[in-house]
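K.L.:
Please see the structure below; I have some questions.
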Amino acid sequence: MMLSSNTSAGTQTTVGNMMSCASCGVAEADHKLKICTACNLVRYCSVNCQKEHRPQHKRESKRMAAELRDKILFKQPESSHVGDCPICCLPLPLDRNGSAVMSCCSNIICDGCAYANQMREMEGDLQQKCPF
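If you use our numbering, the sequence shown corresponds to residues 1381 to 1512, in order.
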């Protein structure tokens, strides 16, 4: 079964799980393919094929690399065993110094919500009280 996906960077062809050179189409079984270090998605059989394909792939490679970095950078962590902040619903930090315990109701909230509550009270000249 032969599958191929066309991108503006070129055609990436796969046979089953086997990859092929983005420039000349040589299969991975014939040559050890080298991965593009910028995007880690496209493979080449030689330096010559990489240089030949570079003008087509350069802009697309930078865009894909930026997308991957953004996805990794801005990915929210899964909830921890500590739970989520009941106000903002973000996972509470594993480090207990990053959260505050409300003495009145024993709820644990993140430092960001505790800080926002303090700022709200200071700006509005309000009496200190629980954010719940």
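From the three backbone atoms N, C-alpha and C, an ideal C-beta is built for every residue, glycine too.
Residue 1418 and residue 1441: beta carbons closer than 8 angstroms?
P.N.:
Residue numbering aside, residue 1418 sits at position 38 when the sequence shown is read from its first letter. Residue numbering aside, residue 1441 sits at position 61 when the sequence shown is read from its first letter. In this structure, residue 1441 lies closer than 8 angstroms to residue 1418 by Cβ.
K.L.:
Using DSSP with H/G/I as helix, E/B as strand and the rest coil, what is residue 1466?
P.N.:
Within the sequence shown, numbered from 1, the residue matching residue 1466 stands at position 86. In the structure shown, residue 1466 sits in coil (DSSP, three-state: anything other than H, G, I, E or B).
K.L.:
Considering residue 1480, what are the terminal residues of the beta strand (DSSP E) in which it resides?
P.N.:
Position 100 of the sequence shown, counted from the first residue, corresponds to residue 1480. First-last of the beta strand (DSSP E) with residue 1480: 1479-1481.
K.L.:
If we call anything under 8 angstroms between Cβ atoms a contact, is residue 1490 one with residue 1479?
P.N.:
Counting from 1 along the sequence shown, the entry for residue 1490 is found at position 110. Counting from 1 along the sequence shown, the entry for residue 1479 is found at position 99. For residue 1490 and residue 1479, yes; Cβs fall inside 8 angstroms.
K.L.:
So, at 7 angstroms on beta carbons, what are the nonlocal neighbours of residue 1465 in its own chain, with the 5 sequence-adjacent residues on each side left out?
P.N.:
Counting from 1 along the sequence shown, the entry for residue 1465 is found at position 85. Counting only Cβ-Cβ distances below 7 angstroms, and skipping sequence neighbours, we find 1472, 1489, 1490 and 1493.
K.L.:
State the DSSP-derived secondary structure class of residue 1451, mapped to helix, strand or coil.
P.N.:
Locating residue 1451 in the sequence shown gives position 71, where the first residue counts as 1. If DSSP states are grouped into helix, strand and coil, residue 1451 belongs with the helices.
K.L.:
Identify the residues that DSSP records as bridge partners of residue 1502: which are they?
P.N.:
Looking up residue 1502 in the sequence shown gives position 122. According to DSSP, which records beta bridges pairwise, residue 1502 is partnered with nothing at all.
K.L.:
At the level of alpha carbons, what is the spacing between residue 1414 and residue 1426?
P.N.:
Taking the first residue of the sequence shown as position 1, residue 1414 is located at position 34. Taking the first residue of the sequence shown as position 1, residue 1426 is located at position 46. Approximately 7 angstroms between the Cα atoms of the pair.
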